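Numbered according to our numbering, the sequence shown terminates at residue 195, and the numbering increases by one at each position without gaps.
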Amino acid sequence: MAKLASLLDKMIVFERFGGGEARLIPLKKETISQVDLQSITEVCSQELVGYWVTHQYASGPDGSYMLQDAEKFVKHADAGWTNATTFVYLIRNADNDIVGAVDVQSPDPVDAPIGYWADTTGEHRGYMTNAVCSLCELAREAGYASLIAYVRPQNKNSVGVLERAGFENKGTAVNPKTLEKMLLFAKNLHKEDR
Ligand SMILES: CC(C)(COP(=O)(O)OP(=O)(O)OC[C@H]1O[C@@H](n2cnc3c(N)ncnc32)[C@H](O)[C@@H]1OP(=O)(O)O)[C@@H](O)C(=O)NCCC(=O)NCCS
């Protein structure tokens with residue numbers, strides 16, 4: 002497992018759709034600053050990100066996502082790399098702003114779930130499809146056979162990311178984490194080689 006973590010522990014440069022460079026960077030305590038924590042808090046507080054993902058981690062009295070929640074997220078990511086259980090990357094744009102995050106949530110090389118969130122404000126869109134494509138390539142090189150994603154059918158932006166990144170819609174399935182019926186998408190990472 003330590004070998005898997007070291008294979009995944011890379012910075013990947015990719016192109017934003019529409020132009021501009023971006024990077025996937027393993028999220029560890031040592032790779033972020035106090036300003037970064039504030040950026041994570043801001044993005045995770047956005048309405049869409051909260052609605053689809055981060056509300057479950059928000060500890061504010063009114064359900065708001067707090068700096069301490071971002072600190073917990075970083076702690077979780079850092080432990081994931083140390084224990085080789087989950088592999089979280091930040092997406093940074095050419096100005097080094099944090100514009101999203103993406104992760105592989107299991108060391109199991111078959112059907113490992115991925116997740117992601119991104120800055121949903123107009124000026125910072127266009128990163129996620131190419132970030133997920135880069136993640137697929139990195140995972141393939143590290144020895145993963147297939148990745149999956151559970152998504153709610155109403156989450157059109159997320160469905161769009163998966164379709165553009167070459168995931169196949171496998172229909173409705175129960176997400177074992179939440180026991181919720183969702184759409185299951187899967188990508189065989191070696192299909193092109195056959
Ligand atoms: C889901 C989420 C990450 C998608 O972000 P996004 O910025 O829409 O994703 P992309 O960067 O891939 O796409 C942005 C735009 O660029 C276009 N685009 C991006 N890459 C592209 C590519 N390679 N080819 C063609 N079009 C592309 C898309 O079509 C989209 O434009 P549109 O909405 O007008 O169709 C974002 O909405 C989000 O964080 N939502 C909340 C959290 C969430 O739902 N997470 C997933 C839970 S399953």
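For glycine and all other residues, C-beta sits at the position ideal for the given N, C-alpha and C.
Every value quoted in this text rests on a predicted model; they were computed, and no experiment measured them.
Beta-carbon gap between residue i and residue j smaller than 9 Å
{"i": "A113", "j": "L139", "result": "no"}
{"i": "Y90", "j": "P154", "result": "no"}
{"i": "Y128", "j": "G167", "result": "no"}
{"i": "D120", "j": "Q47", "result": "yes"}
{"i": "V133", "j": "Y145", "result": "no"}
{"i": "I92", "j": "R24", "result": "yes"}
{"i": "A150", "j": "I99", "result": "no"}
{"i": "A202", "j": "A3", "result": "Outside the displayed range of the chain (2 to 195) lies residue 202, so it cannot be described from this structure."}
{"i": "V162", "j": "M183", "result": "no"}
{"i": "A174", "j": "L8", "result": "no"}
{"i": "A78", "j": "K29", "result": "yes"}
Per-residue burial, residue i [other beta carbons within 10 Å of its own, 16 or more giving buried]
{"i": "G123", "result": "exposed"}
{"i": "P108", "result": "buried"}
{"i": "L185", "result": "buried"}
{"i": "S159", "result": "buried"}
{"i": "T55", "result": "buried"}
{"i": "G51", "result": "buried"}
{"i": "K178", "result": "exposed"}
{"i": "N94", "result": "buried"}
{"i": "A80", "result": "exposed"}
{"i": "L136", "result": "buried"}
{"i": "S40", "result": "buried"}
{"i": "L180", "result": "exposed"}
{"i": "V44", "result": "buried"}
Supposed contact pair residue j and residue i - C-beta distance, whole angstroms, cut 8 Å
{"i": "Y66", "j": "T42", "result": "6 Å"}
{"i": "F88", "j": "D70", "result": "That belief does not hold up - the Cβ atoms of F88 and D70 are roughly 20 Å apart, past 8 Å."}
{"i": "M33", "j": "V75", "result": "The sequence given here places Ile at residue 33; Met does not occur at that position. Their Cβ separation, rounded to whole angstroms, is 6 Å, which keeps I33 and V75 in contact under 8 Å."}
{"i": "N156", "j": "W53", "result": "6 Å"}
{"i": "N131", "j": "E16", "result": "6 Å"}
{"i": "L38", "j": "E72", "result": "6 Å"}
Residue i CB to nearest heavy atom of ligand 1 below 8 Å
{"i": "F1", "result": "Here the chain comprises residues numbered 2 to 195, so residue 1 is not present and cannot be evaluated."}
{"i": "L185", "result": "no"}
{"i": "T121", "result": "yes"}
{"i": "M129", "result": "yes"}
{"i": "L136", "result": "no"}
{"i": "N158", "result": "yes"}
{"i": "Y52", "result": "yes"}
{"i": "A150", "result": "yes"}
{"i": "R126", "result": "yes"}
{"i": "G81", "result": "no"}
{"i": "G101", "result": "yes"}
{"i": "G116", "result": "yes"}
Check: residue i C-beta below 8 Å from any heavy atom of ligand 2
{"i": "I13", "result": "Absence of ligand 2 is noted for the structure shown, with ligand 1 being the only ligands found."}
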